[in-house]
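Residue numbers (my numbering): 2 to 87.
Glycine is no exception: its CB is placed at the ideal position from the N, C-alpha and C atoms.
Worksheet for the structure shown next.
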Amino acid sequence: APDQKVKNAMNEINAAQRQRVAAQDRAEAEKIMVVKAAEASAEAKYLQGTGIARQRQAIVNGLRESVVNFQSEVKGITSKDVMEMM
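Structure follows, in structure tokens:
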């Protein structure tokens, strides 16, 4: 049977290897968390931008409708005239 010192040394080597693997696993998990957080942030910003673009489009559509309605009710007025009054 191997000497106790040899057994202890081997156990320490095995423990160090397991700790190294565990540290690598923790680092990989942390990396995944950081990447996923960045992806979520990018998606949120994209959706926010899409929402703002839709809001602006709705404003433009509303203005266009207002101009058309005003023109249909007031004869002899141009789009430019309506926009100047706004």
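Who are the Cβ neighbours of residue i in its own chain at under 7 angstroms, not counting the five residues just before and after it?
i: isoleucine 53; result: none
At which residues does the alpha helix (DSSP H) containing residue i begin and terminate?
i: alanine 2; result: No alpha helix (DSSP H) contains alanine 2, which DSSP labels as neither H nor E.
What three-state label does DSSP hand residue i in the structure shown?
i: methionine 86; result: helix
i: glycine 63; result: helix
i: valine 36; result: helix
i: glycine 50; result: helix
i: isoleucine 78; result: coil
Buried or exposed: which applies to residue i, given that a residue is buried once 16 or more other Cβ atoms fall within 10 Å of its Cβ?
i: valine 68; result: buried
Confirm, please, whether the CB-CB distance from residue j to residue i is below 9 angstroms.
i: methionine 87; j: leucine 64; result: yes
i: phenylalanine 71; j: isoleucine 78; result: yes
Closest Cβ-Cβ distance between residue i and chain C: below 9 angstroms?
i: glutamate 74; result: Any reference to chain C falls outside this structure, which holds one protein chain only.
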